[in-house]
Amino acid sequence: PESKHDPEDSAFDVERATEMLHRSGYHDHALKLANRAGAHELYINIQLNREEPNYDDALEYISGLEPQQGLTFLKRHGRELLSFRPTETTGLLMHLCQGLVNKGGRGRGRPAKETRQGFDEHIEDLLPLFVDHSDELLLFLEALRENDVENGAKVPAVIGNPLLELYLARWEQSSKAEA
Numbered sequence: 002p003e004s005k006h007d008p009e010d011s012a013f014d015v016e017r018a019t020e021m022l023h024r025s026g027y028h029d030h031a032l033k034l035a036n037r038a039g040a041h042e043l044y045i046n047i048q049l050n051r052e053e054p055n056y057d058d059a060l061e062y063i064s065g066l067e068p069q070q071g072l073t074f075l076k077r078h079g080r081e082l083l084s085f086r087p088t089e090t091t092g093l094l095m096h097l098c099q100g101l102v103n104k105g106g107r108g109r110g111r112p113a114k115e116t117r118q119g120f121d122e123h124i125e126d127l128l129p130l131f132v133d134h135s136d137e138l139l140l141f142l143e144a145l146r147e148n149d150v151e152n153g154a155k156v157p158a159v160i161g162n163p164l165l166e167l168y169l170a171r172w173e174q175s176s177k178a179e180a
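Our numbering runs 1 ahead of the 1-based position in the sequence shown.
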């Protein structure tokens, strides 16, 4: 006989089972279950909330997601990941943004007008993650600017303005150091 299986019950059961396994110390089983169920948030939370967080695996997992999904998770967890894996997190952000441009755009990495606005909003949402990481912010913004320049696109204010502020702040610091 066919069984009636409600997907909502299944999602609830996966979440509950994953949490029980995680709380009981069976992290690997919880991760495997979350991964199989496509419960991305659960998987990432387990990796980041363990006794010894596994930042590298969380970043690797996020890198395997669609760019839009990956950026969503980095908006939530990016500050923590930047604190512990600044270089890797910045590289992943650049990779996902490039993937978003290439997927949503047309031609050689140029976003269409309708996707450019959404892309710029993503960038705006990501900037606060870099509050204590100005070196990484500079790398991130320079990579985005370079991509726009290479593709003949105008560098938007959401990238150009903070980049200019960083350049001016560094120039001011070097001027004070010389004086």
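All C-beta atoms, glycine included, are put in the ideal place defined by N, C-alpha and C.
- At a cut-off of 4 residues, the continuous stretches assigned as alpha helix (DSSP H) that sit fully inside the stretch 21-91 are 28-38, 41-49, 56-64 and 68-85.
- Here the alpha carbon of G100 sits roughly 11 Å from the alpha carbon of Q70.
- Residue environment for Q118: exposed (fewer than 16 other C-beta atoms within 10 angstroms of its C-beta).
- Here the alpha carbon of T73 sits roughly 14 Å from the alpha carbon of H96.
- The three-state secondary structure of N152, taken from DSSP, is coil.
- If you draw a straight line from the Cα of E122 to the Cα of E16, it is about 31 Å long.
- Taking the Cα positions, F131 is about 13 Å away from F85.
- Contact between E125 and V156 is absent: CB atoms are separated by about 14 Å, not below the 8 Å threshold.
- Under the 10 Å beta carbon count, N162 is surrounded by fewer than 16 other beta carbons and is classified as exposed.
- N148 counts as buried, since no fewer than 16 other beta carbons sit within 10 angstroms of its beta carbon.
- By the C-beta density criterion, L93 is buried, having at least 16 other C-beta atoms within 10 angstroms.
- For L164, the uninterrupted alpha helix (DSSP H) segment begins and ends at A158 to E179.
- Shown here, D133 sits in coil according to DSSP, grouped into three states, outside any helix or strand.
- By the 16-neighbour rule on beta-carbons within 10 angstroms, V102 is buried.
- Y44 is a Cβ neighbour of A35, given a cutoff of 8 Å.
- Within the same chain, Cβ atoms closer than 6 Å to the Cβ of A59 are found at I45, Q48 and L49, the five residues on either side in sequence being excluded.
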